[in-house]
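Position in the sequence shown (from 1) plus 177 gives the number in our numbering. In this text, a Cβ means the ideal position worked out from N, Cα and C, and glycines have one as well.
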Amino acid sequence: MSSPALSLDGVGFSFPGRQVLAGLSFNVAPGEFVAVLGPSGGGKSTLLRLIAGLLPLGAGRVLVRGTPVTGPRQDVGMVFQKATLLPWRTALDNVLLPAGFRRGASPAERTRAENLLAAIGLADSANYYPAQLSGGMAQRVGLARMLLHDPDLLLMDEPFAALDAMTRERMALVLQKLWQERPRAAVFVTHSIQEALLLADRVVVLAHSPGRIVADWPVPLPRPRAPETMATPEFNELALKLRRLFDEVAA
Ligand SMILES: Nc1ncnc2c1ncn2[C@@H]1O[C@H](COP(=O)(O)OP(=O)(O)O)[C@@H](O)[C@H]1O
Ligand SMILES: [Mg+2]
Numbered sequence: 178m179s180s181p182a183l184s185l186d187g188v189g190f191s192f193p194g195r196q197v198l199a200g201l202s203f204n205v206a207p208g209e210f211v212a213v214l215g216p217s218g219g220g221k222s223t224l225l226r227l228i229a230g231l232l233p234l235g236a237g238r239v240l241v242r243g244t245p246v247t248g249p250r251q252d253v254g255m256v257f258q259k260a261t262l263l264p265w266r267t268a269l270d271n272v273l274l275p276a277g278f279r280r281g282a283s284p285a286e287r288t289r290a291e292n293l294l295a296a297i298g299l300a301d302s303a304n305y306y307p308a309q310l311s312g313g314m315a316q317r318v319g320l321a322r323m324l325l326h327d328p329d330l331l332l333m334d335e336p337f338a339a340l341d342a343m344t345r346e347r348m349a350l351v352l353q354k355l356w357q358e359r360p361r362a363a364v365f366v367t368h369s370i371q372e373a374l375l376l377a378d379r380v381v382v383l384a385h386s387p388g389r390i391v392a393d394w395p396v397p398l399p400r401p402r403a404p405e406t407m408a409t410p411e412f413n414e415l416a417l418k419l420r421r422l423f424d425e426v427a428a
């Protein structure tokens with residue numbers, strides 16, 4: 178059996194005077210999409226930063242493809258909750274950043290970057306600078322940048338949180354399509370039950386103070402999921418179950 182794409186074993190973390198995460202263990206298989214659903218302040222962003230090697234672990238182990246995470250690495254990509262774009266580069270050049278840093282973007286990479294921007298609805302904004310983009314547009318540029326970089330493990334921190342409800346749902350379906358074309362292990366943080374159920378193979382639910390896992394449920398809904406999926410009894414039953422659990426642990 179191949180090793181998991183991601184493996185967490187007893188992960189804990191504290192900021193001074195505040196325990197944020199305690200005893201988190203779960204695996205993500207290659208090509209598996211896991212949504213982490215949790216209340217605001219529950220430690221979701223902290224969890225992603227630990228997995229990305231941007232914060233030192235307080236306790237436990239994080240393995241990516243069988244090797245311990247000791248810092249940021251090439252095979253892990255991240256979209257931050259707040260977009261991190263370089264203000265002096267256009268949207269397209271921000272998407273090309275990973276390629277550009279290493280050796281200058283090739284024509285094929287430029288084409289792929291343009292195609293990714295088109296897929297997420299930003300074809301007409303490719304030459305805009307970050308100051309000309311809304312928060313939601315900037316987050317989508319961050320998503321395209323991560324996908325261009327083509328990592329084995331995708332980490333996404335509420336990438337659609339700044340979008341209006343319709344665009345948000347559309348973007349989830351675009352992400353599903355891009356992911357289905359090339360399935361990669363993904364950890365997608367969200368506080369939206371609908372979004373988690375549209376995207377994920379599994380939903381991990383966190384409670385807070387300290388952040389810990391209270392459920393790890395499969396999402397046995399067929400793909401591709403579509404707006405119609407959200408009208409099925411299966412979807413709604415699962416959404417209601419999650420809602421009840423969520424209300425319990427967020428209270
Ligand atoms: N740099 C920091 N220093 C101290 N406390 C922090 C820091 N960053 C986050 N926290 C605290 O850690 C907890 C978890 O935060 P976070 O991981 O951002 O939660 P979430 O992403 O689920 O909203 C919160 O109580 C937050 O106030
Ligand atoms: Mg957060």
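- A Cβ closer than 7 Å to some heavy atom of ligand 2 marks a residue here, and those residues are Lys221, Ser222, Gln258, Asp334, Glu335, Val366.
- A Cβ-Cβ separation of about 7 Å places Tyr306 in contact with Pro264 under the 8 Å criterion.
- According to the DSSP secondary-structure assignment, Gly388 is paired through a beta bridge with Leu198.
- In the three-state scheme derived from DSSP, where H, G and I count as helix and E and B as strand, Val246 is classed as coil.
- Note that the stretch 281-300 touches the stretch 311-329; at least 3 beta-carbon pairs, one per stretch, sit closer than 8 Å.
- In this structure, Arg195 has its beta carbon less than 7 Å from a heavy atom of ligand 1.
- Ala236 is positioned such that its CB atom lies closer than 8 Å to that of Val188.
- When the Cα atoms are used, Ser217 and His368 turn out to be separated by approximately 7 Å.
- Between the alpha carbons of Gly208 and Ala362 lies a distance of about 4 Å.
- According to the DSSP assignment, Arg421 belongs to no beta strand (DSSP E) but to the alpha helix (DSSP H) extending over 410-427.
- The beta carbons of Asp329 and Asp378 sit no closer together than 8 Å.
- With three or more CB-CB distances shorter than 8 Å, the stretch 399-413 counts as touching the stretch 345-353.
- Residue range 183-192 is occupied by the beta strand (DSSP E) that includes Ser191.
- The DSSP-derived three-state label of Gly237 is strand.
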